[in-house]
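Undergrad: Once you've had a glance at the structure underneath, I'll fire off some questions.
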Amino acid sequence: MSVKRRDHKGRVLRDRESQNKDGRYVYTYSVNGTKKKLYSWKLEPTDKLPPGKRDCISLREQIAELSQLSFLGIQNTNVTVIELVEKYLKTRRDVKASTRMNYNTVKNFLSKDSFGQMRIKDIKVSDAKIWLIKLQDVDGKSYSGIHAIRGVLRPAFQMAVDDDILPKNPFNFKLASVIVNDSVTREALSRKQERDFLEFVKNDNYFNRYYDGIYLLFKTGMRISEFCGLTIRDINLKERTINIDHQLIRVSMDCLIEETKTEAGARTLPMTDDVYECCKRLLSNRSSPKIEPMIDGYSGFLFLDRNNKPMVAMHWEKYFQRIVAKYNNIYKVQMPKVTPHVCRHTYCSNMAKSGMNPKTLQYLMGHSDIGVTLNTYTHLGYEDAKEELKKFTKSRRKSV
Numbered sequence: 000m001s002v003k004r005r006d007h008k009g010r011v012l013r014d015r016e017s018q019n020k021d022g023r024y025v026y027t028y029s030v031n032g033t034k035k036k037l038y039s040w041k042l043e044p045t046d047k048l049p050p051g052k053r054d055c056i057s058l059r060e061q062i063a064e065l066s067q068l069s070f071l072g073i074q075n076t077n078v079t080v081i082e083l084v085e086k087y088l089k090t091r092r093d094v095k096a097s098t099r100m101n102y103n104t105v106k107n108f109l110s111k112d113s114f115g116q117m118r119i120k121d122i123k124v125s126d127a128k129i130w131l132i133k134l135q136d137v138d139g140k141s142y143s144g145i146h147a148i149r150g151v152l153r154p155a156f157q158m159a160v161d162d163d164i165l166p167k168n169p170f171n172f173k174l175a176s177v178i179v180n181d182s183v184t185r186e187a188l189s190r191k192q193e194r195d196f197l198e199f200v201k202n203d204n205y206f207n208r209y210y211d212g213i214y215l216l217f218k219t220g221m222r223i224s225e226f227c228g229l230t231i232r233d234i235n236l237k238e239r240t241i242n243i244d245h246q247l248i249r250v251s252m253d254c255l256i257e258e259t260k261t262e263a264g265a266r267t268l269p270m271t272d273d274v275y276e277c278c279k280r281l282l283s284n285r286s287s288p289k290i291e292p293m294i295d296g297y298s299g300f301l302f303l304d305r306n307n308k309p310m311v312a313m314h315w316e317k318y319f320q321r322i323v324a325k326y327n328n329i330y331k332v333q334m335p336k337v338t339p340h341v342c343r344h345t346y347c348s349n350m351a352k353s354g355m356n357p358k359t360l361q362y363l364m365g366h367s368d369i370g371v372t373l374n375t376y377t378h379l380g381y382e383d384a385k386e387e388l389k390k391f392t393k394s395r396r397k398s399v
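Numbering (numbering that gives the first Met the number 0), first residue to last: 0 to 399.
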């Protein structure tokens, strides 16, 4: 019968645990045949620290952390980038389906790229920068695409740093300092452009069927996923409100309902008179299919396609493209690119120009960060500043 090993307090020590004569606890393990040790003056977190010794993490807390690393399979720095990413993604459980889809896109890309096969311990900051530059200059990837890739790699490598596997995160730098931001800024339409665009849609024999939907996008600032998720129950004509507490997205070929993009995205929008009339038309003109499509318990979607399935963002993006193309084929003064997000940005800019309180505008937009709302004001130009100064001057004269 084997004798159980005990510490100086008589407690039973587990496999590979021991205690030195000076009282320090030791845990011995191996990595790739190399012996390694963990040390601590405390066996359990509740143990008192010996007099004169620095505070430390207990041995069993360290062992538990080591066991978690072993489960993730990253205690060995010989693992490759793609292996690190795969293990990092195991820790990302409570994410939306759309985020999960983006993760898989990045993972699939890295599994085919030679960089994904490199060992994480061999990658320096310069290697990371040169690779990102190659993605843009040689492979032709967009800034947003590279941003998404780096958005997975940086926290994955940071996990390895936090776990004392790597000394430094090679992706911990500003992306804009390495590659050119070629993203097209979504500019808001001017008030005249918005009027001309809506008037064109309203009077077009084909596209006028989408007028009320497009009008609603321009006049409420909803995200396109929120807009697509609207159901009959979300439109309250009696209270003159629009309820937003979910969004409809498409992942691969499947549609699903998710919570709003942020907690602040869940909101109730008050209807202006024109929006109220628009919603009345939408409800009265909506044809009821024999079988209402149901997605994750939601039915009665406001916008259905020709197959009586809920419209998704892609439908509306295509409509906008065709409308702009037709408009520009007719008129010499060209209409800039218009998308559902341009509608949202235009609404936000118009409210800002009208002098709306930024906190009120933040609520209406469903922004979780006031900085995102305030960024809208940076798009105001000389004419806006000139008009604002006129108002300010008039108000000062009246008060004198």
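We put the CB at the ideal spot given by N, CA and C, even for glycine.
(1) Taking 8 Å as the cut-off, decide whether the C-beta atoms of I438 and S224 are in contact.
(2) For G51, count neighbouring Cβ atoms within 10 angstroms of its own Cβ and tell me buried if that reaches 16, exposed if not.
(3) How is I73 classed by DSSP in three states: helix, strand or coil?
(4) Any chance the segment 141 to 158 sits against the segment 79 to 99, with 3 or more Cβ pairs inside 8 Å?
(5) In angstroms with no decimal places, state the Cα-to-Cα distance between G9 and G22.
(6) Does the Cβ of M209 have 16 or more other Cβ atoms within 10 Å, making it buried, or fewer, making it exposed?
(7) Since A187 and H344 are thought to touch, with beta carbons under 8 Å apart, how far apart are those beta carbons, to the nearest angstrom?
(8) Among all the DSSP beta bridges, which residues are the ones paired with K36?
(9) Look at R190 and N349 and say whether their C-beta atoms are less than 8 Å apart.
(10) What does a CB cutoff of less than 8 Å around L5 pick up in its chain, not counting 5 residues either side in sequence?
(11) Quickly, what does DSSP pair Y297 with across the bridge? List them, please.
(12) Within 10 Å of its beta-carbon, does D437 have 16 or more other beta-carbons around it, so buried, or fewer, so exposed?
(13) In the segment 212 to 256, which residue ranges form an unbroken alpha helix (DSSP H) of at least 4 residues, counting only runs that do not cross its ends?
(14) For L71 and D161, I'd like the C-alpha separation in whole angstroms.
(15) In chain order, what residues of the same chain lie with their CB nearer than 7 Å to the CB of T259, ignoring the 5 residues before and after it?
(16) With distances taken from CA atoms, which of I122, V25 and F114 is nearest K133?
(17) Take L215 and list the residues in its own chain whose beta-carbon comes closer than 6 Å to its own, dropping the five residues that flank it on each side.
(18) Taking 8 Å as the cut-off, decide whether the C-beta atoms of L58 and I119 are in contact.
(19) Taking buried to mean at least 16 other C-beta atoms within 10 Å of its own C-beta, is S283 buried or exposed?
TA: The short version:
(1) Residue numbering for the chain in the displayed model covers 0 to 399; residue 438 lies beyond these limits and cannot be assessed.
(2) exposed
(3) In this predicted model, I73 has a pLDDT of only 48, less than 50, meaning its place in the structure is not dependable; the value taken from the coordinates is given anyway. If DSSP states are grouped into helix, strand and coil, I73 belongs with coil.
(4) yes
(5) 13 Å
(6) Correcting the residue type first, residue 209 is Tyr in the shown sequence and not Met. That one is buried.
(7) 5 Å
(8) T27
(9) yes
(10) The sequence given here places Arg at residue 5; Leu does not occur at that position. Same-chain partners within the cutoff: V11 and L12.
(11) I294
(12) Only positions 0 to 399 of the chain appear in this structure, which leaves residue 437 out of reach.
(13) 223 to 227
(14) Low confidence applies here, because L71 scores a pLDDT of 49, under 50, leaving its location unreliable; read the following figure in that light. Spanning the two alpha carbons is a distance of roughly 14 Å.
(15) E225, I243, D244, H245, Q246, A265 and G365
(16) F114
(17) C277
(18) no
(19) exposed
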